[in-house]
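Colleague: Got a structure here, written out as structure tokens. Questions coming.
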Amino acid sequence: MLEYSPELQIELKEGETVITYLGDSEVRAVLPVAEKQGFILGLLPHPSLIHGRVAYGVCARLEDAVSDILTAKGKKMLDMMRCNGTIVLNSVKVGEPFTLTAGTAVGEKLLPKILRFLKLVLSLREIYPKPFKLMTRKDKSIDTAALGIILVEHGRSSVLTRRILEDSAANDGMMHALILAPRSIFEMTRFLFVSMFMRGFGRGSFWPEYVGHIKSDGINVSSTEEFVYAMDGDSFTGNSIDLVVTPRCLSMLPGRFLSIDAQTPDGKERFKISSLPTGESKTALLQDTLPWIHHASTEEFKELFTILRENSKASESYLILMILATTLATIGLFANSAPVIIGAMILAPLMAPIISLSMGLLRQHEQLVISSTKTIITGILMALGFSVVFTILTPLKSINSEISARLSPTLLDLGVAVVSGIAGAYAHARSEVARSLAGVAIAVALVPPLAVAGIGLGWADFSVFFGASLLFLTNLTGIVLASALTFLALGYSAFSRARRGVMWALALVILVCIPLSVGFKRMVWEHKIVRSLDGTKIAGLRIQDIHVHRHEPLYLSTRLLSTEPITSARIDQVKAHIEKLLEQPVELEVTIAIIR
């Protein structure tokens, strides 16, 4: 047993075993000697062995570490990483990657965790992304803007890398660079919240959207600006660092937590960098602190814009589907058939140009606004025209339940339109959820109100026409506003550009809200009447199935249950009691049911 000192000269034969009880700095000095002489090294958990213990999977308890060494099945050949020629035990952190390790406080109580979370979130507003260039030894490179970079030799080096790096081993001859490049404070805050408060989050499948990954046997990190980097906790500054992995150069008895690759590694470089900002996105991020909401660049939503431009045109398929949907909806309304009407909702193509209109307003894209507006108006006129013709040709004139359900819109209908608009915009922006658009179409129901409005015109009943038109306008304005705000939240426009379009949509929604508020107030009042009367007993008669049909004067229909025939006098008693209860005159329509 020898006491270590920097002057100690160790001369050992290859294959001999050395067990050390040393801190990080001393182990870092021993490693190159072990590499050169080829002796087998085992590490015990010295209080100062912090990074070395994590890097080589050494148990925190001395007894367990000794047991692992004594029961080891032979030596393992491990890699060694150097940064600018200096041995790295654990990791190199460049820039501001502190938020990558937000969930590392083990056993932390809820209140300190909340305070730490708030401190991290508040500090995000003061962080500036920096320009970085990463180049591998095979001359593959990427120029990006990032808050920071974590470089590790294998995945056991931190809580985050253990979550992310599944194909990582201490003897595969490769290292890993994790590039932290969030586009917005919102994106960063969401990750911080989930990683700190959701227990077991991400095990085996965790990958923040804004983290890029490069796997190589050597990486150079450089910047046009001076940056701070920490190597195993020690801070340095510079404009460039060079990291190289020497494969299988250390003979060691590793701890139980270290991942060893039993197979020969493939040595292939891997890149997962599609989410990193480049080009216009990189330039925008470098101009200021992180924005609250990610502002997608033109190149990022080029595909979406192409789709929206196509959707804004009155194509042949759009016109045919409008005719079919309107005809089907009108038949379903006359037949009082909900399944037929649902089929018309799915066929209707009106949602697509409305979503295009919301994007046009948001981005102040004049051509997109004009094109989508023309397409929407064309669809509306076609729907009204075909439903009017069908109504004139149909010898039916009665307001059934499906028609009447679309004559008195309220604020609740606006709520449905807003939620549907959010879902529709999100489905357009995220192709993987586009299959949900049929459900959105069913929820918001754009064509049936137009068909009812056409029926009203065909009957020359303008109360039907105006009621159904109000419902359609409710859906239209609600979808436009909600879609625009959703696209704004997803970063498809800066708020300074979007303000005018959003204000126009908001003004239209406020105008529509005026009659909707009246309708909602009326609905609440009717509900109170029904709730106060339904099931009550008056003059020995039970009142059931109360319906309000008209307000001026108040017209009610109800069913009276009795065990014996009911006289006119008893019905007058019921009417007088209801008038007294409601404090206003009532016209009463009564259906009598005798119970035997």
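The numbers in our numbering rise by one with no breaks, and the one at position 195 of the sequence shown is 457. Every residue gets a Cβ at the ideal spot worked out from N, C-alpha and C, and that includes glycine.
1) Could you work out which residue in Ile-331, Leu-822, Met-343 and Gly-740 is closest to Thr-508 when comparing CA atoms only?
2) CB-CB under 7 Å to Gly-781, same chain, minus the five flanking residues each way: which ones, in chain order?
3) Quick one: does the C-beta of Asp-479 sit closer than 7 Å to a heavy atom of the ligand COA?
4) Could you check whether the region 789-806 touches the region 837-857, counting it as contact only if at least three pairs of C-beta atoms, one from each stretch, sit closer than 8 Å?
5) Have a look at Lys-371 and Lys-381 and give me their C-alpha separation to the nearest angstrom.
6) Taking a contact to mean a Cβ-Cβ separation below 8 Å, would you say Leu-373 touches Ile-412 in this structure?
7) Can you tell me which residues form a DSSP beta bridge with Phe-394?
8) Answer with buried or exposed for Leu-643, where buried requires no fewer than 16 other C-beta atoms within 10 angstroms of its C-beta.
9) Glu-664 by DSSP, collapsed to three states: which one?
10) Would you mind stating whether Ala-291 and Pro-307 have Cβ atoms separated by less than 8 Å?
11) According to DSSP, is His-475 helix, strand or coil?
12) Run through DSSP, which three-state label would Arg-907 get?
13) Using DSSP bridges, identify the partner residues of Phe-489.
14) Using 10 angstroms around the beta-carbon of Pro-539, count the other beta-carbons present and answer buried if the total reaches 16, otherwise exposed.
15) Which residues in the same chain as Val-714 place their Cβ atom closer than 6 Å to its Cβ, once the five residues preceding and following it in sequence are excluded?
16) DSSP three-state call for Arg-858: helix, strand or coil?
17) By the 10 Å Cβ neighbour count, where 16 or more other Cβ atoms means buried, how is Gly-277 classified, buried or exposed?
18) Just curious, the alpha helix (DSSP H) that Val-328 is in, first and last residue?
19) Could you give the distance in angstroms between the alpha-carbon of Ala-801 and the alpha-carbon of Leu-778?
20) Per DSSP, what kind of secondary structure is Gly-462 in: helix, strand or coil?
21) Beta-carbon within less than 7 Å of Thr-869's beta-carbon, same chain only, minus the 5 sequence neighbours each way: which residues are those?
22) Going by C-alpha distance, which of Ile-603, Ser-537 and Ser-745 is nearest Ile-616?
23) Hey, quick one: how far does the beta strand (DSSP E) through Ser-819 stretch, first residue to last?
24) Do the region 616-626 and the region 711-725 meet, that is, are 3 or more Cβ pairs less than 8 Å apart?
25) For Met-437, which residues does DSSP report across the bridge?
26) Can you list, in chain order, the residues of its chain with a C-beta nearer than 7 Å to that of Trp-554? Leave out the 5 residues immediately preceding and following it.
27) Whole angstroms are fine: how far does the CA of Phe-749 sit from the CA of Met-621?
28) Across which residues does DSSP place Ser-830 in a beta bridge pair?
29) Quick one: is Ser-830 buried, meaning 16 or more other Cβ sit within 10 Å of its Cβ, or exposed?
30) Could you pull out every residue in the same chain whose Cβ sits closer than 8 Å to the Cβ of Pro-393, ignoring the five residues on either side in sequence?
31) For the beta strand (DSSP E) containing Lys-355, list its first residue and its last residue.
Modeller: Answer, in terms of the structure:
1) Met-343
2) Ser-670, Pro-671 and Thr-672
3) Among the components modelled here there is no ligand, and therefore nothing to report on the ligand COA.
4) yes
5) 16 Å
6) no
7) Thr-406
8) exposed
9) helix
10) no
11) strand
12) The first residue shown for the chain is 263 and the last is 858, placing residue 907 beyond what the model contains.
13) Gly-500
14) buried
15) Ile-665, Arg-668 and Ala-730
16) coil
17) exposed
18) 324-332
19) 38 Å
20) Note that Gly-462 scores a pLDDT of 47, beneath 50, so its modelled location is shaky and nothing firm can be said.
21) For residue 869 there is no data in the structure shown, the boundaries of the chain being 263 and 858.
22) Ser-745
23) 816-824
24) no
25) Ser-478
26) Ser-446, Ile-447 and Phe-448
27) 7 Å
28) The partner list for Ser-830 (beta bridge, DSSP) is empty, contrary to what the question assumes.
29) exposed
30) Asp-405, Thr-406, Ala-407, Ser-485, Thr-486, Glu-487, Lys-544 and Leu-548
31) 353-357
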